[in-house]
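Worksheet: the structure to be examined is printed underneath.
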Amino acid sequence: MEQALLARYDRPLPRYTSYPTAPHFSAATGAKDHALWLAAIPPGARASLYLHVPFCRTMCWFCGCTTSAVHSVGALERYAAALETEIGRVAAAIGHRLPAGQIHWGGGTPTALPAPLLRRVHAALARHFALDGTTEIAIEIDPRTLPDDATALLRDLAVTRVSLGVQDFAPAVQAAIGRHQSVAQTKAAADAARAAGIASVNFDLVYGLPFQTIDSLEATIGEVLALGPDRIALYGYAHVPWTRKRQQVIAERALPDVAARFAQQQRAAELLVAAGYRRIGLDHFARPEDAMARAAGTGALRRNFQGYTVDPSDLLIGLGASAISFLPQGYAQNAVGTQPYLAAIEAGALATAKGLALDDEDRLRGAIIERLMCDLEVDLAAFGADSARFARECESLAPLEADGFLHREGSRISITEAGRPFLRHAAAAFDAWLGQAGRHAAAI
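In structure tokens form, the structure reads like this:
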């Protein structure tokens, strides 16, 4: 693609895992609001649960997650106890035993918690929420710190899906991001998951890393394909050193420029599609028989803070430091820092520190953005709107249409295959909050 064309679209934009996005949350929405929203959840509803474990054995310099390196067993035990307490407190606020359709352990590295602590927290979930054979339980694993009893642990946690961080296997790239991980370590983690009967093994890859080249990415993808993951997420490295101070270790001159990033993304996608994976949304790939590929084919794909998901629930309950809940009334985020989170829980309160109450306009725009991000198309008429209702927004899409990245017909907006990498640009046209707060990573 021409450098001048890429330069026109080289601007920071949200990833749209929520709308409005998290930088707009404020302390005007707090624990009292969150408690009222939880109490309003009706019997018979079904929720997703997200548990955040903000710890890793070592810190990777590229990481944008809320985490820190912790080795103190006492600190880990204290955090696990707080999670158990919070689970019970949130369940009490709801007032009835809510079924959980999906549980996602994220971080950080959830397995930074010793196995007995993970089992304790899982037992608390099972006591306070209704889990059954249809509950999808996913966990993120760092293959470098695989627990010795990983297969038994995954069975005990009833895990149905694992996500393994890979990034890039090239030694020069790994040295630049502070993460040394072998193919053998990655294979051992995938093998342990499959030995536990887990049918869905997912890998996370990243392009745009320091010293990364198309050749190194091609080699990594070759190694990954040999391990046969069911899903692959291909994320663009988000260089946000003003938010994540550890990224200041990475020299900006070592980062690929926008043309190189775009070429890496395109080549990786070509290889994955050629290997039989279906391209989904902005950055995911799945085998045709995978639940995510099926959901994408039927218009049932959803998007939340974990990215793309097949879970249909409109209720997401976040547990742990920095975790975000999404309820019909709005968003509620726990204290980001581990110490403020622990202080709130140990004081007998909810850990909510900020959030955002939604109005009908937010809900409408959020629904439009979600369908664009998931389906690559949206019919405004399906939401009781039309091109006249969003005349300004549709007009702002004109450059994308002129460049062949989308097509408009009546109230329908469709992203072309060439426009897939610019999906966030199309979604941004409907973002009434854009530019009011926060800084974002590059959109290409």
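Numbering (my numbering), first residue to last: 1267 to 1710.
Think of the CB as a built atom: it goes at the ideal place given N, C-alpha and C, for glycine as much as any other residue.
For residue i, which residues does DSSP report across the bridge?
{"i": "I1583", "result": "L1315"}
{"i": "R1274", "result": "None; R1274 has no bridge partner."}
{"i": "T1618", "result": "N1600"}
{"i": "I1405", "result": "W1371, V1428"}
{"i": "G1502", "result": "Y1473"}
{"i": "T1575", "result": "R1568"}
{"i": "H1550", "result": "A1499, I1546"}
{"i": "L1672", "result": "I1681"}
{"i": "A1610", "result": "According to DSSP, A1610 bridges with nothing at all."}
{"i": "Q1433", "result": "L1471"}
{"i": "P1308", "result": "Answer by DSSP bridge pairing: none, since P1308 is not bridged."}
{"i": "V1644", "result": "I1679"}
{"i": "A1396", "result": "P1365"}
For the putative contact between residue i and residue j, defined by C-beta atoms under 8 Å, what is the C-beta separation to the nearest angstrom?
{"i": "F1321", "j": "L1364", "result": "So it is not a contact: roughly 27 Å between Cβ atoms."}
{"i": "A1623", "j": "T1295", "result": "6 Å"}
{"i": "Q1478", "j": "V1439", "result": "5 Å"}
{"i": "D1628", "j": "Y1285", "result": "7 Å"}
{"i": "L1420", "j": "I1464", "result": "6 Å"}
{"i": "R1545", "j": "F1551", "result": "6 Å"}
{"i": "A1615", "j": "A1293", "result": "So it is not a contact: roughly 14 Å between Cβ atoms."}
{"i": "T1509", "j": "A1461", "result": "Not quite, the Cβ-Cβ distance comes to about 38 Å (not below 8 Å), so this is no contact."}
{"i": "G1449", "j": "F1469", "result": "This sequence places Val at residue 1449; Gly is not what is there. 12 Å between Cβ atoms; not a contact."}
{"i": "R1631", "j": "F1696", "result": "5 Å"}
Looking at chain D, is there any beta carbon in it that lies within less than 9 Å of the beta carbon of residue i?
{"i": "S1677", "result": "The structure shown contains no chain D; it holds only a single protein chain."}
With distances taken between CB atoms, is the gap from residue i to residue j smaller than 9 Å?
{"i": "A1346", "j": "R1386", "result": "yes"}
{"i": "A1390", "j": "I1611", "result": "no"}
{"i": "G1534", "j": "L1483", "result": "A small correction: the amino acid at residue 1534 is Ala; Gly does not occupy that position in the sequence shown. Cβ atoms of A1534 and L1483: closer than 9 Å."}
{"i": "G1547", "j": "G1502", "result": "no"}
{"i": "I1407", "j": "C1326", "result": "no"}
{"i": "A1709", "j": "S1677", "result": "no"}
{"i": "L1582", "j": "F1571", "result": "yes"}
{"i": "P1476", "j": "L1521", "result": "yes"}
{"i": "F1671", "j": "A1693", "result": "no"}
{"i": "A1454", "j": "S1429", "result": "no"}
{"i": "V1467", "j": "P1495", "result": "yes"}
{"i": "G1573", "j": "A1598", "result": "no"}
{"i": "A1589", "j": "P1606", "result": "no"}
{"i": "L1412", "j": "A1381", "result": "no"}
{"i": "L1493", "j": "A1541", "result": "no"}
{"i": "P1289", "j": "Q1532", "result": "no"}
Measuring CA to CA, which of the options is closest to residue i?
{"i": "G1431", "options": "T1509, Q1269, R1410", "result": "R1410"}
{"i": "V1539", "options": "F1696, R1497, A1504", "result": "R1497"}
{"i": "M1558", "options": "A1313, C1640, E1536, A1461", "result": "C1640"}
{"i": "S1334", "options": "G1474, Y1473, L1379, E1659", "result": "L1379"}
{"i": "R1568", "options": "S1314, E1489, A1301, A1305", "result": "S1314"}
{"i": "P1309", "options": "A1366, T1283, C1329, A1341", "result": "A1366"}
{"i": "P1376", "options": "Q1531, A1461, V1336, L1500", "result": "V1336"}
{"i": "I1751", "options": "G1372, Q1433, W1508", "result": "Since the displayed the chain opens at 1267 and closes at 1710, residue 1751 lies outside it and no answer follows."}
{"i": "A1297", "options": "L1672, R1631, S1591", "result": "S1591"}
{"i": "V1711", "options": "R1323, G1374, A1273, A1609", "result": "An answer regarding residue 1711 cannot be provided, because it is not within the stretch 1267 to 1710 covered by the chain."}
{"i": "R1512", "options": "C1329, A1657, A1311, P1280", "result": "C1329"}
{"i": "D1481", "options": "A1441, F1435, V1524, I1681", "result": "F1435"}
{"i": "L1642", "options": "R1519, G1563, R1445", "result": "G1563"}
{"i": "W1303", "options": "C1331, A1359, Q1269", "result": "A1359"}
{"i": "S1680", "options": "D1645, D1276, G1603, L1342", "result": "D1645"}
{"i": "A1698", "options": "H1388, Q1368, A1617, S1662", "result": "S1662"}
{"i": "S1653", "options": "P1594, A1273, A1517, R1674", "result": "R1674"}
{"i": "Y1543", "options": "E1402, A1499, T1452, A1273", "result": "A1499"}
Here's the rule I'm using: 16 or more other beta-carbon atoms within 10 Å means buried, otherwise exposed. How should residue i be labelled?
{"i": "D1711", "result": "With the chain covering 1267 to 1710 only, the question about residue 1711 has no answer from this structure."}
{"i": "E1352", "result": "buried"}
{"i": "D1549", "result": "buried"}
{"i": "W1371", "result": "buried"}
{"i": "P1711", "result": "No statement about residue 1711 is possible, as the shown extent of the chain runs from 1267 to 1710 and does not include it."}
{"i": "E1659", "result": "buried"}
{"i": "P1554", "result": "exposed"}
{"i": "L1608", "result": "buried"}
{"i": "D1626", "result": "exposed"}
{"i": "G1565", "result": "exposed"}
Just to confirm, does residue i get its C-beta within under 8 Å of one of the non-hydrogen atoms of the ligand GTP?
{"i": "G1565", "result": "The ligand GTP is not part of the structure shown, which contains no ligands of any sort."}
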